[in-house]
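A short write-up of the structure that comes next.
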Amino acid sequence: MKIMTCFAHPADTVTNCGGTLARHADAGDEIVAVILTHGGRIHPNKYAEEWRRENPDDQITAASILEIAENKKRELERAADVLGIGELVLLDHDDTMATVHEDVVEQVAEQIAIHAPDVIIADYPQNPVVTLSSHTVATMTLLAALERAQTFLRNVDGRAEVNVKQVFFSGNPVLVGDSLSAYGQRADCYIDITGTVGRKIAAMDCFPSQGYDGDFARKVVESNNGEHGRYAGVNFAEAYTRFRNETHTLLPLTEHARSQDYLTRHRDYSVINLREQFPVRRGE
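No gaps in the numbering here: position 200 of the sequence shown is 251 in my numbering, and each next residue is one more.
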């Protein structure tokens, strides 16, 4: 399987689906991550917090946007090595992008045509009226690019059409365990990342310039992936909403569902102490 991710900022790939990507990398699947912006302005903690010091470091406060973006790129490269992401495609747009742009749609469509992924992972699109959400803009750009890639014609565009089989949206803000409580609005696919949760934490630790390392990395995994894991019946999970319906010849029932013991599973998914197993390396 070939997987593509398409997110607004460098760290988004790690926080949204890092554990899933590590599992697929271990299974031998090919992974390419497309990042729309350089991320220099998003969570600039290293630089913004330095200005708050009584005697700020001139070397840090004098950093240009290009230097900040280059540092973010190096952080992403280290995280990609941890997770097993094979290729990074950095489009390097400024992360003040608040609307869909035709040229960016064309760039993403080109990457879809080049890599021909089987599935794509992207942010769940929030209300597009909130144009400050570059995450939603990134996914709107992707969906437009998907349609464009489907209409490529070899004798006109020099390349054949590409039809991506499925898109998985991460970050759906609704947390329910059934299809009725929120009238169908929910995550409908969970990936058990218990076996790769340490690598997700290690990848988040690669982003100290955002303050994503250390305690924050463990808090995110404990609270977000831990709660999704509780709904999924495992220690830690990443949640997705499928873009397209799926077709089966028979009603599907997963091996995980067959093996679940609903009487005792709450004990089974409560056995890992993240802070103890993956302690923060302070002062390193």
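Every residue, glycine too, gets a C-beta built ideally from N, C-alpha and C.
Helix, strand or coil for residue i per DSSP?
i, result
"residue 219", "strand"
"residue 103", "helix"
"residue 259", "helix"
"residue 278", "helix"
"residue 72", "helix"
Hey, could you find the ends of the alpha helix (DSSP H) residue i is sitting in?
i, result
"residue 153", "153-166"
"residue 225", "Residue 225 -> no alpha helix (DSSP H), and no H or E assigned at all."
"residue 344", "As shown, the chain starts at 52 and ends at 335. That puts residue 344 outside it, with no answer to give."
"residue 264", "It is not in any alpha helix (DSSP H) - residue 264 carries neither H nor E in the DSSP assignment."
"residue 62", "Careful: residue 62 lies outside any alpha helix (DSSP H) and carries neither H nor E."
"residue 307", "306-310"
"residue 188", "185-201"
"residue 328", "325-328"
"residue 207", "205-208"
"residue 316", "316-319"
Quickly, what does DSSP pair residue i with across the bridge? List them, please.
i, result
"residue 170", "54 and 217"
"residue 88", "144"
"residue 241", "290"
"residue 83", "55 and 138"
Closest to residue i by CA distance: which of the options is it?
i, options, result
"residue 63", "87, 164 and 333", "87"
"residue 135", "121, 142, 190 and 55", "55"
"residue 169", "206, 209, 260 and 215", "215"
"residue 263", "79, 126, 110 and 280", "126"
"residue 320", "98, 245, 274 and 149", "245"
"residue 332", "256, 315, 283 and 279", "256"
Taking a contact to mean a Cβ-Cβ separation below 8 angstroms, would you say residue i touches residue j in this structure?
i, j, result
"residue 112", "residue 101", "yes"
"residue 219", "residue 172", "yes"
"residue 196", "residue 159", "yes"
"residue 267", "residue 70", "no"
"residue 52", "residue 89", "no"
"residue 130", "residue 91", "no"
"residue 84", "residue 156", "no"
"residue 254", "residue 151", "no"
"residue 289", "residue 299", "no"
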